[in-house]
């Protein structure tokens, strides 16, 4: 079939535009990322000074008709002793920065769903799904195991299923009264259970403001109590952790709130 010259010109122009748009989407991992969390109405945001910082600031936001607005919780937190690295969450990792691996003591960076709340008590002041931890509950941190990166009850799945795991969830019973998991929540990093990509990432309690973690985000008990009381499952809450420089690069494309600058020292 032969087209008129003017129509052929428009077809060629349209084709070139499609190619350019496709190329831009492939070359920019942040393009249209926000679609993955478009329905989220609650945001727990942690920003750190740089990839190697072991502490940062937590702020909460609620999304309304006009975007994200501060929700009133603002507090210092500590993260992995080696800083942060790109995790496996709702976003595609960018090219710059380290990548999270099992045992690297880096907290995962990116955007993640918030899972169940857990604790030592029979219940908690939260509307989120809550798991009352037992002495036989473990988070499986053995890469390649069937239940890798999941909290399971050894009395249900069998002792062999948690063999080698270093994450008993009732740390008070197994680890000399440790209170870190007395109240906490799951950060759904590597929820697809990719071997070696990191496991058992939580928000949990700290012992002190200088108490870093092996990959989680730790905070004061009062902050945790306020946070889990504020979270609502119907609002599909997300957890975001990013170095400040990276945050400023992706904020617009990822439809995240404007934040104030923060220093690199405590």
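Numbering (the working numbering), first residue to last: 588 to 853.
For glycine and all other residues, C-beta sits at the position ideal for the given N, C-alpha and C.
message: By alpha-carbon positions, which one of 669, 691, 692 and 696 ends up nearest to residue 682?
response: 696
field: Identity of the residue in 761, 763, 666 and 640 nearest residue 788 by Cα
entry: It is 666 whose Cα lies nearest to the Cα of residue 788.
query: When DSSP labels each residue in this structure, what does residue 759 get in the three-state scheme?
result: helix
query: Taking the alpha helix (DSSP H) that residue 830 falls in, what are its first and last residues?
result: Unbroken run through residue 830 is the beta strand (DSSP E), 825–830; no alpha helix (DSSP H).
query: Any idea if residue 764 is buried or exposed, counting beta-carbon neighbours within 10 angstroms, 16 or more meaning buried?
result: Per the 10 Å Cβ criterion, exposed.
field: Residue from 623, 647, 672 and 637 whose Cα sits closest to the Cα of residue 802
entry: That would be 672, whose Cα lies nearest to the Cα of residue 802.
- request: Would you check if the region 752–762 and the region 717–727 touch, i.e. whether three or more CB-CB distances between them fall below 8 Å?
  value: yes
field: Inter-residue Cα distance where the pair is residue 770 and residue 631
entry: 16 Å
message: Helix, strand or coil, according to DSSP, for residue 820 in the structure here?
response: Per DSSP, reduced to three states, the secondary structure at residue 820 is helical.
message: What would DSSP say about residue 697, mapped onto helix, strand or coil?
response: strand
query: What are the boundary residues of the beta strand (DSSP E) that residue 661 is part of?
result: 654–665
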